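Okay, so here's the structure we're looking at.
Protein chains in written order, with the numbering used here: chain A, 396 to 548; chain B, 1278 to 1759.
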């Protein structure tokens, strides 16, 4: 499905961060490593804030004068398999978190260049940068060698 | 089934009428509510409440009055999505358009909070030896707005916040076709806690309108609607000695020059003609291809119009909703028939559009007529629907003559990459709101909104800095103490 309006893009963004937030809350329960647990908690809290930010951005930046069709964004390009299981190892949790952060980084980065509204585009760029930081953070978690191998596998 | 109430003196009250109108959801064609056709007696009740509240409110310091609006802005932010969705449900526009409208409503609240600088007068010492002069702006009394259906949230707020923050008291009469949006807005006003009687709302139709126009205690009226009614309102206010700003209809010409960046600006052109299903006084209506841009413009415009996603505005991603009512749909379809009869060539026909799951909705698809002659009805009259008349002219002069010959002068737009052409257009075109490489020339709250010729009757337009003059009397005080 093509995302051709400002509202559709913002709605999808809110849906995506909301979905990630829900998954993080599930992953937190399963994490065994203390550092990983803290990181997932932080990511969950961040997504709650991002969800509010998306709603605020949609509300405050919608510009009736330039509600022009937007081209080049499709929902299906950002769909990933979000299946989680009840009992997962820490390595699996990190892999899922990385997939979520990668997806959001890609979406916010792509969408920022399509939005005709500078303030909304700036917020999207900022989130994309933050997502890159999260990716680095997840990759650098002080996990033991076995886990590291498991993640890289 | 919701039956809306009037809001008078800080309370929700039933009208004394026995006549009620129906409120419809244009996307589904279902009846969703009822609206009282309030009487002149209801209007008088609101005026008496507003009159009673006036003096204490007028004596309230402007900054204190502004603080109510700061609070109101926050409450509107909280209710933003709810108001937007109600608006879509009863008016038919898309969610994005609705959110954009509510945003503009709030922008007027934000602008009005600058009352402490915007309402000030001026002074000069020694206008004669030892004599000083001040010009002070004072509120006047009870004002009111009679609002149209197409922007049910925003239009009353082009006037209300400025009137009230200046110390006047106020009555809103929403369009009887879309009373629910303003009703939700008044729930927020109620929550905000304005003193009783400062802001009131009376629903209704003709009797309510006449009740306002001929009430001796209403000092001024703001009206937005079609030109025939705007002219009527202007005359009535003249007879009764009221201040008046009466905004009428439009027939807007969008000129595209051969040097225009068509691909870049096509989304903006499409929004101009089909945004809000063409039901806005700033919509493009006549697409004027200048010189040899005609063929390319026609092909690309048709392709873009065909690609528009039409549907229920509540569905995110829909780009054009239905028109407001069955009756209005018939009017728009009537114009399409007229265009065919008068000899225009229908090259995109939106008459038989089918929307999945919405068999009874009031939809008209994007429509384009080619080979339109300036004398045809579809080139001259306000259609207020998604119907585009394409006219081919030789040069800018010929395009400007089309604008000059129109009885309306609300808005016009030009697409060009040539600054000289843009300057010439800006200088000569007789329309008060103008877009250059922009399809919707909508002044924001801090600039005036209103047209020329048959599109506007009065002197001071909606919002902007000047609107404070409409809602205040300039008292000149000349003093000698030496």
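Built from N, CA and C at the ideal position, the CB exists for glycine as well. Please read these numbers as outputs of a predicted model, since none were measured by experiment.
Burial state of residue i, where buried means 16 or more other Cβ atoms lie within 10 Å
{"i": "residue 1690/B", "result": "buried"}
{"i": "residue 446/A", "result": "buried"}
{"i": "residue 1522/B", "result": "buried"}
{"i": "residue 1332/B", "result": "exposed"}
{"i": "residue 1374/B", "result": "buried"}
{"i": "residue 1278/B", "result": "exposed"}
{"i": "residue 1485/B", "result": "buried"}
{"i": "residue 1519/B", "result": "buried"}
{"i": "residue 1462/B", "result": "buried"}
{"i": "residue 1647/B", "result": "buried"}
{"i": "residue 1755/B", "result": "exposed"}
{"i": "residue 1493/B", "result": "exposed"}
{"i": "residue 1643/B", "result": "buried"}
{"i": "residue 477/A", "result": "exposed"}
{"i": "residue 1421/B", "result": "buried"}
{"i": "residue 1282/B", "result": "buried"}
{"i": "residue 1585/B", "result": "buried"}
{"i": "residue 1753/B", "result": "exposed"}
Residue i versus the options, residue with shortest Cα-Cα distance
{"i": "residue 488/A", "options": "446/A, 454/A, 424/A and 471/A", "result": "424/A"}
{"i": "residue 582/A", "options": "490/A, 530/A and 409/A", "result": "Outside the modelled stretch of chain A, which goes from 396 to 548, sits residue 582/A, for which no answer is possible."}
{"i": "residue 532/A", "options": "400/A, 404/A, 510/A and 430/A", "result": "430/A"}
{"i": "residue 1526/B", "options": "1540/B, 1552/B, 1519/B and 1506/B", "result": "1506/B"}
{"i": "residue 1720/B", "options": "1285/B, 1376/B and 1384/B", "result": "1384/B"}
{"i": "residue 492/A", "options": "403/A, 402/A and 436/A", "result": "436/A"}
{"i": "residue 556/A", "options": "530/A, 512/A and 507/A", "result": "Residue 556/A lies beyond the range of chain A shown here (396 to 548); nothing can be said about it."}
{"i": "residue 1381/B", "options": "1734/B, 1733/B and 1726/B", "result": "1726/B"}
{"i": "residue 411/A", "options": "530/A, 535/A, 513/A and 496/A", "result": "496/A"}
{"i": "residue 1479/B", "options": "1645/B, 1325/B, 1615/B and 1735/B", "result": "1325/B"}
{"i": "residue 1415/B", "options": "1624/B, 1443/B and 1404/B", "result": "1443/B"}
{"i": "residue 1419/B", "options": "1542/B, 1747/B and 1752/B", "result": "1747/B"}
{"i": "residue 1589/B", "options": "1632/B, 1557/B, 1609/B and 1422/B", "result": "1632/B"}
{"i": "residue 1456/B", "options": "1426/B, 1540/B and 1441/B", "result": "1426/B"}
{"i": "residue 1653/B", "options": "1622/B, 1634/B, 1662/B and 1628/B", "result": "1622/B"}
{"i": "residue 1398/B", "options": "1413/B, 1404/B and 1553/B", "result": "1413/B"}
Other residues of its chain near residue i: CB distance less than 8 angstroms, five sequence neighbours each side excluded
{"i": "residue 1651/B", "result": "1657, 1668, 1679 and 1682"}
{"i": "residue 1379/B", "result": "1353, 1357, 1360, 1361, 1364, 1430 and 1431"}
{"i": "residue 469/A", "result": "396, 397 and 398"}
{"i": "residue 442/A", "result": "412, 413, 415, 416 and 419"}
Neighbourhood of residue i by C-beta, 7 angstroms cutoff - its chain only, sequence neighbours within 5 removed
{"i": "residue 1708/B", "result": "1680, 1686, 1687, 1688, 1689, 1728 and 1729"}
{"i": "residue 527/A", "result": "500"}
{"i": "residue 1395/B", "result": "1742 and 1745"}
{"i": "residue 1567/B", "result": "1532, 1533, 1534, 1535, 1670, 1672, 1673 and 1676"}
{"i": "residue 1759/B", "result": "1407"}
{"i": "residue 449/A", "result": "405, 408, 409 and 412"}
{"i": "residue 516/A", "result": "507 and 510"}
{"i": "residue 1718/B", "result": "1559, 1688, 1690, 1710, 1711 and 1712"}
Residues near residue i by beta carbon distance below 6 angstroms, same chain, minus five either side
{"i": "residue 1599/B", "result": "1303, 1304, 1369, 1638, 1639 and 1640"}
{"i": "residue 498/A", "result": "473 and 475"}
{"i": "residue 1400/B", "result": "1411"}
{"i": "residue 1509/B", "result": "none"}
{"i": "residue 1490/B", "result": "1513"}
{"i": "residue 1564/B", "result": "1531, 1665 and 1667"}
{"i": "residue 404/A", "result": "398 and 506"}
{"i": "residue 1723/B", "result": "1388"}
{"i": "residue 452/A", "result": "515 and 518"}
The stretch 1668-1687 of chain B contacting the stretch 1578-1592 of chain B, beta-carbon criterion three pairs below 8 angstroms
Taking one beta carbon from each stretch, the stretch 1668-1687 of chain B and the stretch 1578-1592 of chain B have fewer than 3 pairs nearer than 8 angstroms; the two do not touch.
Output, in sequence order along the chain, the residues in the stretch 1671-1698 of chain B whose CB is closer than 9 angstroms to any CB in chain A.
Closer than 9 angstroms at the C-beta level to chain A, one finds no residue of the stretch 1671-1698 of chain B.
For the structure I just gave you, are there three or more beta carbon pairs, one from the stretch 1488-1507 of chain B and one from the stretch 1460-1477 of chain B, closer than 8 angstroms?
No contact exists between the stretch 1488-1507 of chain B and the stretch 1460-1477 of chain B.
Give a yes or no on contact between the stretch 1530-1549 of chain B and the stretch 454-470 of chain A, applying the rule of three or more CB pairs nearer than 8 angstroms.
Touching, yes, given that three or more Cβ pairs across the two stretches are closer than 8 angstroms.
Spell out a yes or no on whether the stretch 1563-1579 of chain B and the stretch 1381-1391 of chain B are touching, meaning 3 or more CB-CB pairs, one atom from each, closer than 8 angstroms.
Result no; under three Cβ-Cβ pairs closer than 8 angstroms.
Validate contact between the stretch 1344-1359 of chain B and the stretch 1312-1328 of chain B using beta carbons, cut 8 angstroms, 3 pairs
The stretch 1344-1359 of chain B is not in contact with the stretch 1312-1328 of chain B.
Three or more C-beta pairs below 8 angstroms linking the stretch 1727-1740 of chain B and the stretch 1435-1443 of chain B:
Here the stretch 1727-1740 of chain B lies against the stretch 1435-1443 of chain B, with 3 or more beta-carbon pairs under 8 angstroms apart.
Are three or more beta carbon pairs between the stretch 1355-1362 of chain B and the stretch 1406-1417 of chain B nearer than 8 angstroms?
Short answer: they don't touch.
Near-chain B residues of the stretch 405-439 of chain A - C-beta to any C-beta below 7 angstroms
Flagged, chain order: 406.
Under 8 angstroms (Cβ pairs) to chain A, residues found in the stretch 1521-1553 of chain B
Residues of the stretch 1521-1553 of chain B with a Cβ closer than 8 angstroms to any Cβ of chain A, in chain order: 1544, 1545, 1547, 1548 and 1552.
For the stretch 1372-1389 of chain B, list every residue whose C-beta sits within 7 angstroms of some C-beta in chain A, in sequence order.
Cβ proximity to chain A below 7 angstroms picks out 1372, 1373, 1374, 1376, 1377, 1378, 1380 and 1381 from the stretch 1372-1389 of chain B.
Output, in sequence order along the chain, the residues in the stretch 496-524 of chain A whose CB is closer than 7 angstroms to any CB in chain B.
Those residues of the stretch 496-524 of chain A placed with their C-beta closer than 7 angstroms to a C-beta in chain B do not exist.
Using 8 angstroms as the cut-off, can you tell me whether the stretch 479-488 of chain A makes contact with the stretch 426-440 of chain A, which would need three or more C-beta pairs spanning the two stretches below that distance?
Yes, the stretch 479-488 of chain A touches the stretch 426-440 of chain A.
Could you list the residues in the stretch 455-467 of chain A with a C-beta less than 9 angstroms from some C-beta on chain B, going in chain order?
455, 456, 457, 458, 459, 460, 461, 462, 463, 464, 465 and 466: these are the residues of the stretch 455-467 of chain A whose beta carbon lies less than 9 angstroms from some beta carbon of chain B, given in chain order.
Which residues of the stretch 1405-1416 of chain B have a Cβ closer than 7 angstroms to any Cβ of chain A? Give them in chain order.
Listed in sequence order: no entries.
When Cβ atoms are compared, which residues of the stretch 1439-1467 of chain B fall closer than 7 angstroms to chain A?
Contact annotation: in the stretch 1439-1467 of chain B, no residue has its CB less than 7 angstroms from a CB in chain A.
Quick one, which residues of the stretch 1568-1591 of chain B are near chain A if we go by CB-CB under 9 angstroms, in chain order?
Those residues of the stretch 1568-1591 of chain B that come within reach of chain A (Cβ to Cβ, closer than 9 angstroms) are 1581, 1584, 1585 and 1586.
Check each residue of the stretch 1708-1724 of chain B: if its Cβ is closer than 7 angstroms to any Cβ of chain A, include it; give the result in chain order.
Those residues of the stretch 1708-1724 of chain B that come within reach of chain A (Cβ to Cβ, closer than 7 angstroms) are 1717 and 1719.
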